[in-house]
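Residue numbers (our numbering), protein chains in the order written: chain A, 660 to 887; chain B, 660 to 887.
Shown next, in structure tokens, is the structure this report addresses.
Protein chains: 2
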Amino acid sequence: MFNISKEDYLRVIYKNYTAGSLVTATVIADKLNVSNAAVTDMLKKLAKEKLIKYIPYKGVELLQKGMELAISLVRRHRIWETYLYKIIGLPLSMVDSEAENLEHSSSDELINRLEEILGYPEFDPHGDPIPSKKGILPKKKKSIPLSELEVDEQGAVLRVNDDSDEFLEHLTKLGIELNRKIKVVERRSFDNSLLIEVHADAPLRGKKEHSISEKYAKNIFVEVKSKK
Amino acid sequence: MFNISKEDYLRVIYKNYTAGSLVTATVIADKLNVSNAAVTDMLKKLAKEKLIKYIPYKGVELLQKGMELAISLVRRHRIWETYLYKIIGLPLSMVDSEAENLEHSSSDELINRLEEILGYPEFDPHGDPIPSKKGILPKKKKSIPLSELEVDEQGAVLRVNDDSDEFLEHLTKLGIELNRKIKVVERRSFDNSLLIEVHADAPLRGKKEHSISEKYAKNIFVEVKSKK
DNA sequence: CAAAATATTTAAGCGCACTTAAATTTTATT
DNA sequence: AATAAAATTTAAGTGCGCTTAAATATTTTG
Numbered sequence: 660m661f662n663i664s665k666e667d668y669l670r671v672i673y674k675n676y677t678a679g680s681l682v683t684a685t686v687i688a689d690k691l692n693v694s695n696a697a698v699t700d701m702l703k704k705l706a707k708e709k710l711i712k713y714i715p716y717k718g719v720e721l722l723q724k725g726m727e728l729a730i731s732l733v734r735r736h737r738i739w740e741t742y743l744y745k746i747i748g749l750p751l752s753m754v755d756s757e758a759e760n761l762e763h764s765s766s767d768e769l770i771n772r773l774e775e776i777l778g779y780p781e782f783d784p785h786g787d788p789i790p791s792k793k794g795i796l797p798k799k800k801k802s803i804p805l806s807e808l809e810v811d812e813q814g815a816v817l818r819v820n821d822d823s824d825e826f827l828e829h830l831t832k833l834g835i836e837l838n839r840k841i842k843v844v845e846r847r848s849f850d851n852s853l854l855i856e857v858h859a860d861a862p863l864r865g866k867k868e869h870s871i872s873e874k875y876a877k878n879i880f881v882e883v884k885s886k887k
Numbered sequence: 660m661f662n663i664s665k666e667d668y669l670r671v672i673y674k675n676y677t678a679g680s681l682v683t684a685t686v687i688a689d690k691l692n693v694s695n696a697a698v699t700d701m702l703k704k705l706a707k708e709k710l711i712k713y714i715p716y717k718g719v720e721l722l723q724k725g726m727e728l729a730i731s732l733v734r735r736h737r738i739w740e741t742y743l744y745k746i747i748g749l750p751l752s753m754v755d756s757e758a759e760n761l762e763h764s765s766s767d768e769l770i771n772r773l774e775e776i777l778g779y780p781e782f783d784p785h786g787d788p789i790p791s792k793k794g795i796l797p798k799k800k801k802s803i804p805l806s807e808l809e810v811d812e813q814g815a816v817l818r819v820n821d822d823s824d825e826f827l828e829h830l831t832k833l834g835i836e837l838n839r840k841i842k843v844v845e846r847r848s849f850d851n852s853l854l855i856e857v858h859a860d861a862p863l864r865g866k867k868e869h870s871i872s873e874k875y876a877k878n879i880f881v882e883v884k885s886k887k
């Protein structure tokens, strides 16, 4: 892999940070598919630019400047994803990799225009929050994995937790996308697989039943609406 | 300037080639704003990859493979320009530099989709031809510079010959864009400046008179429609 | 047509983002 | 707490696309 830029390092640090614990070199190396040595090199450069706080052998976290840059990148990425999906009509399984390329080569003006065309969306097609021009993230709604829904309970898809093509393509086949309502019809305790009812959008109406494995269900997050 | 890629070299060679004469190193260096030494370096690499025929001290021309790559790049560039202008609504003076960034980071699928959305346009907003998926260029219509129109003659804008922001912004102010009809009302032989009538598009109707210098008129190409 | 001017290439070197291999620090184990 | 295992950093080196300065080839011109 080539030409992984500083921005990508910042994005990985941003996405893998959880309060209180630093992001380690190995995590970054894995996500970017580069050697640990390359990561150490880059971290030293980013630290010199005051973008991150780097504690050798321990890990890193973002400083103000780095945080701003990372958020701007995430914003660009998620706005492109949303645009590619909703306006251009690319399949969900393509938008992530396409956006990853485009995010590095779009002016702020273009991004702002795309956002305007989209009507200032709060979440991208995976359900991830889109930072505003000023870097503010919309509050996320509470969600639970589909796997934790009880039988006869229903929820609306809020977020998916995996970027692999296979995962996303399968969801598309099942008609599962953001905001789609899903009801659990049956749970088979043998393997914890579920029989679900995917409610169609207004135009087509109706609902379809599908069987999904526990692993899929654990990576689909829904907002619980009501019991029935 | 940094990170000027092979593709950019190929594009410059493509754009500056005229049958029978090779493209010289200096022309390339000027267009890309790099040193002659950098150009020589890169030409050797491109020649090794059989993308170009390089005759030291003389210049270069594209070979089959290089031609295909260059045309694909030009296609990506012009489709983005058209999309940014017509769909996204960016000002004409911005589309060239924006497209220059995007053209290197878009998949063929995306480009094909944009082309489809645009309805398979033949020309970009500057009037330059857009190569088809197979690399075929639409036949260009015959055009003459606005400066060569006679008084009372009228033509439709087919192409503009300058990419500078100032030039394009001024045209926008005058309401001059592709396919717009222009009539020469008066020619002042003192400085060869023209008084022109720019016909508005259907929705607004009417026409506006403007005075433009010879230099502007020489860079606007029109298709002669009729005498009056 | 030789000398001067111009264009082009070669040489040496730089910063970047990587690599592998060796050295060092941290963590886990008993 | 010593030692083995794992994680991380340092060291050395690579290819890329650039730079400036020097050498060489081509073109112009008086």
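Think of the CB as a built atom: it goes at the ideal place given N, C-alpha and C, for glycine as much as any other residue.
Since this is a predicted model, take the numbers as computed values, not measurements.
**Study point:** For A:Tyr744 and A:Leu777, believed in contact at Cβ under 8 Å, the rounded distance
**Key:** Position 118 of the first sequence, counting from 1, holds the residue named residue 777 of chain A. Position 85 of the first sequence, counting from 1, holds the residue named residue 744 of chain A. 10 Å between Cβ atoms; not a contact.
Discussion item. I'd like to know whether the C-beta of A:Arg772 is nearer than 9 Å to at least one C-beta of chain B.
Written reply: The sequence position of residue 772 of chain A within the first sequence is 113, counting from 1. Yes, contact with chain B.
*asked:* Counting only C-beta atoms, is A:Met660 closer than 9 Å to chain B at any point?
replied: Numbered from its first residue, the first sequence carries residue 660 of chain A at position 1. In this prediction, A:Met660 has a pLDDT of 46, which is less than 50 and means its spatial position is unreliable; nothing more can be read from the coordinates.
- Message: Looking only at its chain, what residues have a beta carbon closer than 6 Å to the beta carbon of A:Leu805, apart from the 5 residues adjacent to it on each side?
- Response: The sequence position of residue 805 of chain A within the first sequence is 146, counting from 1. Closer than 6 Å at the Cβ level, and outside the excluded window around A:Leu805, lie Ala876, Ile879, Val881.
Q. B:Leu722 and B:Phe782: beta carbons closer than 9 Å?
A. Mapped onto the second sequence, residue 722 of chain B falls at position 63. Mapped onto the second sequence, residue 782 of chain B falls at position 123. No, they are not a contact pair.
Sequence-distant residues of the same chain with beta carbon closer than 6 Å to A:Val754, five excluded per side | Residue 754 of chain A sits at position 95 when you count from the first residue of the first sequence. Only Glu740, Leu743, Tyr744 meet the Cβ criterion.
Which of the residues in the stretch 732-755 of chain B, read from start to end, lie with their CB under 8 Å from any CB of chain A? Leu743, Ile747, Gly748, Leu749, Met753
Check whether the Cβ atoms of B:Ser680 and B:Gly718 lie closer than 9 Å to each other. Here residue 680 of chain B refers to the residue found at position 21 when the second sequence is read from its first residue. Here residue 718 of chain B refers to the residue found at position 59 when the second sequence is read from its first residue. If you check the CB distance, B:Ser680 and B:Gly718 come in under 9 Å.
Using a C-beta cutoff of 9 Å, does A:Ser765 count as contacting chain B? Within the first sequence, residue 765 of chain A is the residue found at index 106, counting from 1. Chain B contact via Cβ: present.
**Prompt:** Any idea what DSSP makes of A:Ser885, helix, strand or coil?
**Reply:** Translated into positions along the first sequence, residue 885 of chain A becomes position 226. Because the pLDDT at A:Ser885 is just 48, under 50, the model does not fix this residue reliably, and the point stays unresolved.
Q. For the stretch 686-704 of chain A, which residues have a beta carbon sitting closer than 8 Å to at least one beta carbon of chain B?
A. none
- Task: Note down, in chain order, every chain B residue with its Cβ under 9 Å from the Cβ of A:Glu768.
- Result: As a working note, residue 768 of chain A is residue 109 in the first sequence. Result: Leu749, Met753, Glu757.
Against chain A, with Cβ distances strictly below 9 Å, would B:Asn760 count as a contact? Taking the second sequence and counting its residues from 1, one reaches residue 760 of chain B at position 101. Yes, B:Asn760 lies at the interface with chain A (some Cβ there is under 9 Å from its Cβ).
* Taking A:Ile747 as the reference, give the member of B:Lys724, B:Glu775, B:Asp667, B:Ala815 with the closest Cα. => Position 88 of the first sequence, counting from 1, holds the residue named residue 747 of chain A. With distances taken between Cα atoms, A:Ile747 lies closest to B:Glu775.
Exercise for the section: Using DSSP bridges, identify the partner residues of B:Thr831. Expected result: Here the question's residue 831 of chain B lines up with position 172 in the second sequence. Beta-bridge pairing links B:Thr831 to no other residue.
**Minimum C-alpha distance to B:Leu691 - residue among B:His869, B:Lys703, B:Glu768, B:Asn675** = Position 32 of the second sequence holds residue 691 of chain B. Taking only the C-alpha atoms, the option nearest B:Leu691 is B:Asn675.
Q. Any C-beta of chain B sitting closer than 9 Å to the C-beta of A:Ile711?
A. The count along the first sequence starts at 1 and reaches residue 711 of chain A at position 52. By this cut-off, A:Ile711 is not an interface position.
Practice item. Tell me whether B:Ala758 is buried or exposed, calling it buried when 16 or more other Cβ atoms sit within 10 Å of its Cβ. Key: Numbered from its first residue, the second sequence carries residue 758 of chain B at position 99. Buried: at least 16 other Cβ atoms inside 10 Å.
Next on the checklist: Using 9 Å as the threshold, is the C-beta distance between A:Val857 and A:Ile803 below it?
Outcome noted: On the first sequence, position 198 is the one that residue 857 of chain A refers to. On the first sequence, position 144 is the one that residue 803 of chain A refers to. No, these two residues do not count as a Cβ contact at 9 Å.
Does DSSP put B:Val733 in a helix, a strand or coil? One-based indexing of the second sequence puts residue 733 of chain B at position 74. Helix at B:Val733.
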